[in-house]
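Letter by letter, the sequence shown follows residues 27 to 335 of this note's numbering.
Cβ atoms here follow ideal geometry from the backbone N, Cα and C, with glycine treated the same way.
The structure presented is a predicted model; accordingly, all values stated were derived computationally and were not measured.
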Amino acid sequence: MTKKNVLYIKNLNKIYSKNSSKSVNALNNLNLEVNEGEIFGLLGPNGAGKSTFINILAGTTIKTSGKVNVWGFDLDINPRQVRASIGIVPQEVNIDPFFNPRDILELQAGMYGIKKKDRITDTILKLVSLESQAKSYSRALSGGMKRRLLVAKALVHKPPIIILDEPTAGVDVELRKNLWNNVKQLNKQGVTVILTTHYLNEAEEMCDRIGILSKGNLVALDTTKNLLKKIQTKIVKFSVEKKVDIKDNSLKSLKILSNEISELTVSFEKSSLNISEIINFINNQNIKISDISTDDGDLEDVFLRLTKN
Ligand code: ADP
Ligand code: MG
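As structure tokens, this is what we get:
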């Protein structure tokens, strides 16, 4: 079954220009599609353009150019339908401290024009585990609870897509887990999830696909599985007493990065080759190895490599 395209972004640009001399290209010809039912993660260091992207979808930032289509609605033609199709969990906590969670959700539902009988306030409170706090002042809620309340707020109009902008920044590990469980639960019920984070392990665990933004450019876009495969490549440097007779594919998946008199640098796939086989190969030429340094990759490495410069 082909999945519906819930988000379609074509050549999206955003230039912030405060004055004519200083302008920031926050998004540079962004092209992106998100499919129905997936959890899509947008990763990138601070200033990469993540919030800009999300604020454009939310309608709080105006794009400079390009096409944005959400749930089949063009942002330029049907901005209201676009907004109705998404629930946004913003990066900043913006909750009135003197209202309780129930009132906040009721108010939000009112803002969307949802009739009393159609409201799902209790269901949502339960989903984000705030039933017992339904009537507590919001200012009495913990940081994690406030975050969950923001998620709840984004759900009152039952949007098919929920977008979370760094929802776990500054939230402790336990509550982070709790929040992500809520999000996974939502996703199981069919809600498409788009999130930004700079916690790579979270993205790794949560997301079906990942896009990496760097200075407004999309530098990677792939399934989490494929991105992780890329980091199966290991790089090892051997200090040797003389030049080793070795070439690409002398051993399975081996690539020679440099081969000097005193130093050999190779890369290989961890799934195909073990470092001890390379050591044996070198030793079989009666060459002593005086030092070995390895570079064990993880998502952090791919991320750094892609977002550098
Ligand atoms: P991220 O959310 O990935 O940290 P942002 O989208 O907030 O990144 O910012 C992207 C770039 O746009 C940054 O260089 C930031 O300084 C700039 N920027 C963001 N908002 C504004 C604004 N309102 N006016 C001018 N520049 C902005
Ligand atoms: Mg941001």
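heavy atom of the ligand ADP below 7 Å from residue i C-beta
i	result
K89	no
G70	yes
Y42	yes
G73	yes
V50	yes
Cross-strand partners of residue i (DSSP beta bridge)
i	result
L45	The displayed chain sequence assigns Asn, not Leu, to residue 45. Per DSSP, K48.
Y21	Residue 21 lies beyond the range of the chain shown here (27 to 335); nothing can be said about it.
A246	I238
G216	Its beta-bridge partners do not exist; DSSP assigns none.
S295	Before going further, note that residue 295 is Glu rather than Ser in the sequence given. The partner list for E295 (beta bridge, DSSP) reads T259.
I318	F264
D100	N95
V115	L190
L221	G67 and L190
E289	S265
K40	L53
Any non-hydrogen atom of the ligand MG closer than 7 Å to residue i Cβ
i	result
E118	no
L76	Per the sequence presented here, residue 76 reads as Lys, with Leu not at that position. Yes, Cβ of K76 sits closer than 7 Å to a heavy atom of the ligand MG.
E192	yes
Range covered by the alpha helix (DSSP H) that runs through residue i
i	result
N309	I301 to N309
L151	T147 to L153
K179	G169 to L181
G136	P127 to M137
E230	L226 to M232
S284	From DSSP, S284 is part of no alpha helix (DSSP H) but of the beta strand (DSSP E) over K281 to N285.
Start-to-end residues for the beta strand (DSSP E) that takes in residue i
i	result
S91	S91 to V96
F79	It is not in any beta strand (DSSP E) - F79 instead sits in the alpha helix (DSSP H) that spans K76 to A84.
S164	Run containing S164: none; DSSP gives neither H nor E here.
V108	Looking at the DSSP string, V108 is not in any beta strand (DSSP E); the run it does join, the alpha helix (DSSP H), is P105 to S111.
G73	First-last for G73: undefined, no H or E at that position.
F124	Where F124 is concerned, there is no enclosing beta strand (DSSP E), given that its DSSP letter is neither H nor E.
S189	A small correction: the amino acid at residue 189 is Ile; Ser does not occupy that position in the sequence shown. I189 -> beta strand (DSSP E) spans I187 to D191.
I65	I65 to L69
Best match in the options for proximity to residue i [C-alpha to C-alpha]
i	options	result
K184	E59, I112 and P71	I112
L190	N309, A178 and I308	A178
I23	Q215, V182 and Y34	Residue 23 cannot be examined here, being either before or after the span of the chain that is shown, 27 to 335.
I130	L101, Y163 and K143	Y163
T78	E64, Y42 and C233	Y42
K161	R128, L151, I150 and I220	R128
N81	H224, N39, L226 and D317	N39
N227	L56, Y138, N208 and K203	K203
L20	V266, K30 and D122	This structure does not reach residue 20, given that the chain is present from 27 up to 335, and the question cannot be answered.
I35	F125, I318 and N95	N95
M137	S155, V154, N126 and R109	R109
Q117	V199, F125, P193 and P71	P193
P71	V209, Q211 and K241	K241
L253	S265, K263 and A229	A229
T259	I301, H224 and L290	I301
K255	T147, H224, K296 and K44	K296
Neighbourhood of residue i by C-beta distance below 6 Å, restricted to the same chain and skipping five residues each side
i	result
K269	I287
Q107	F99
V25	This structure gives no information on residue 25, because the portion of the chain shown stretches from 27 to 335.
E157	L151
C233	I65, G67 and T250
R165	P123
K93	K36
Close beta carbons around residue i, own chain, < 8 Å, minus the five adjacent residues each side
i	result
L280	I272, D274, V292, S293, F294, L299 and I304
G237	L58, F66, G67, L68, L69, L244, A246 and L247
V18	Residue 18 cannot be examined here, being either before or after the span of the chain that is shown, 27 to 335.
T147	R128, L131, E132, A135 and V182
Beta-carbon contacts of residue i that lie in its chain and below 7 Å, excluding the five residues immediately before and after
i	result
L180	Before going on, a small fix: residue 180 reads as Ala here, not Leu. Excluding residues within five positions, the ones whose Cβ falls inside 7 Å are G113, I114, V115 and I188.
P105	G85
I282	I272, K273, D274 and V292
Q159	P127, L167 and M171
D144	none
C-beta neighbour in chain C for residue i, strict 8 Å
i	result
S162	No chain C is part of this structure, which consists of one protein chain only.
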